[in-house]
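Inspection log for the structure reproduced underneath, given as structure tokens.
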Amino acid sequence: MAPTPISAPFPAARLRRTRQSEGIRGLVRENGLSAADLIWPVFVRSGTEIEEPVPSMPGVMRRSVDKIVDAAHEAEALGIGAICIFPYTGIEERTEDCTGAWDPENHTNRAIRAIKAAVPSLTVMTDVALDTYNINGHDGFVENGEIVNDRTVEALVWMALAQADAGADIIGPSDMMDGRIGAIRTGLEAKGHQNVMILSYAAKYASAFYGPFRDAVGASSALSGDKKTYQMDPANSDEALRLVARDLGEGADMVMVKPGMPYLDICRRVKDTFGAPTFAYQVSGEYSMIKAAAAQGWIDEERVMMESLMAFKRAGCDGVLTYFAPAAAKILGR
Ligand code: PBG
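When the letters of the sequence shown are read in order and numbered with this note's numbering, they come out as residues 1 to 334.
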């Protein structure tokens with residue numbers, strides 16, 4: 001609980017006194033941001049020596065595994081908290097049975113092993129959901145037009161175990177199926193992966209802000225329909241608390257709110273209610289809006305980027321998944 005503010009009447013109290021210089025502002029600053037708070041999402045694809053720009057996300061690349069290793073070295077040098085791997089898959093890599101998702105040799109698992117061999121101290125996070133291997137772009141199996149829950153959860157456990165076997169530190173289930181956290185936790189314990197963490201995408205909304213990401217992973221043209229039967233209604237807030245409570249109760253170590261900036265109220269409620277490690281995902285659409293406005297000369301990119309990241313800390317987040325991670329870390333290291 002925050003203390004009740006006590007204030008003398010003007011002019012005894014002049015709140016501008018503590019804003020008069022950079023030194024004083026630094027002394028009274030309530031929140032801080034450091035590179036260690038940032039998780040950098042990267043996209044891995046097939047091939048070697050490839051860094052292919054994502055058109056809808058200026059400055060973001062799809063990288064072959066060797067180039068992902070370069071990015072991992074960069075992340076470590078900049079003091080970034082973790083790297084989070086997403087696979088880019090072409091239509092020829094997608095099937096209805098999604099077997100690529102738990103293939104030990106898929107892009108994600110090859111990238112994890114390569115990073116762990118080259119930069120063992122860097123924390124590696126993954127994405128668990130079927131959308132990047134699904135012919136129809138959904139996060140779960142589709143049967144007669146329905147995104148089925150329980151059969152999907154079984155496959156998500158296989159996917160998570162393949163990632164843990166490859167050396168992942170943090171499993172990131174982003175699928176929003178019911179029961180997946182408990183099932184993945186049980187699977188990890190049974191296979192000797194008791195130190196592998198789960199950062200649950202607990203409160204993930206059915207958001208139009210994911211548009212550029214779906215281009216980045218190759219899901220845009222694949223996706224049929226929307227994700228509203230499993231991702232949350234943007235109108236809801238109490239439901240987010242129920243989801244977070246449920247996931248923590250099933251063994252999640254950390255929880256996430258997604259998207260980020262339009263949902264800072266949810267971040268604050270989650271942190272205040274549970275006090276658990278809380279993260280937000282500043283998603284692709286948020287990133288691309290800032291990049292686009294800056295490219296037009298309408299906003300100062302660097303200042304808006306840093307302000308947006310500090311907003312997450314102020315809202316109670318411990319850390320942020322952001323495509324700005326390397327750019328922000330460079331500034332924080334100055
Ligand atoms: C899918 C997934 C999505 C994102 C992360 N994992 C998109 C979706 O749910 O359709 C979005 C990330 C972003 O927009 O930056 N499992």
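Here a beta-carbon is modelled for each residue, glycine too, at the ideal position from N, C-alpha and C.
Query: Reduced DSSP category for Met340 - H, G, I as helix; E, B as strand; rest coil; Result: Nothing can be reported for residue 340: it is not among the residues displayed for the chain, which extend from 1 to 334.
Query: Nearest-angstrom Cβ-Cβ length linking Phe43 and Cys98, presumed shorter than 8 angstroms; Result: Actually they are not in contact, since the Cβ atoms of Phe43 and Cys98 sit about 19 angstroms apart, beyond 8 angstroms.
Query: Chain-order list of residues whose beta-carbon lies under 7 angstroms from that of Arg94 (same chain, five-residue window excluded); Result: Tyr133, Asn134, Ile135, Ala222
Query: Exposure of Ser121, with buried meaning 16 or more beta-carbon neighbours within 10 Å; Result: exposed
Query: Nearest-angstrom Cα separation, counted from Arg110 out to Val65; Result: 7 angstroms
Query: Cβ-heavy atom distance, Ala129 to ligand 1, below 7 angstroms; Result: yes
Query: Cβ-heavy atom distance, Val42 to ligand 1, below 7 angstroms; Result: no
Query: Per-residue DSSP class, three states only, for Gln231; Result: coil
Query: Sheet register partners of Thr126 (DSSP bridge); Result: Ile85
Query: Status (buried if at least 16 other CB within 10 Å, exposed otherwise) for Ala252; Result: buried
Query: Any non-hydrogen atom of ligand 1 within 7 angstroms of Asp226 CB; Result: no
Query: Inter-residue CB distance, Leu130 and Ala155 (contact presumed, cutoff 8 angstroms); Result: 7 angstroms
Query: Nearest candidate by alpha-carbon position, reference Leu248, set Arg25, Gly182, Leu27; Result: Gly182
Query: Any non-hydrogen atom of ligand 1 within 7 angstroms of Phe279 CB; Result: no
Query: Length-filtered (3 minimum) beta strand (DSSP E) runs lying within the segment 195–243; Result: 197–204
Query: Met306 - containing alpha helix (DSSP H), residue span; Result: 301–314
Query: Closer than 7 angstroms: Asp300 CB and nearest ligand 1 heavy atom; Result: no
Query: For Ala28, the three-state DSSP class (helix, strand or coil); Result: Contrary to the premise, residue 28 reads as Val rather than Ala in this sequence. Val28: helix per DSSP, three-state reduction.
Query: DSSP-derived helix/strand/coil call for Trp40; Result: strand
Query: 8 angstroms Cβ cutoff met for Gly260 and Ala35; Result: no
Query: Cβ-Cβ distance between Gln296 and Thr322 below 8 angstroms; Result: no
Query: In DSSP terms, what Gly79 is bridged to; Result: Bridge partners of Gly79: none, in fact.
Query: Ile170 vs Thr123 beta-carbon contact at 8 angstroms; Result: yes
Query: Closer than 7 angstroms: Asp175 CB and nearest ligand 1 heavy atom; Result: yes
Query: Residue range of the unbroken alpha helix (DSSP H) whose run includes Glu154; Result: 150–166
Query: Cβ-Cβ distance between Gln231 and Tyr205 below 8 angstroms; Result: yes
Query: Phe141 CB to nearest heavy atom of ligand 1 below 7 angstroms; Result: no
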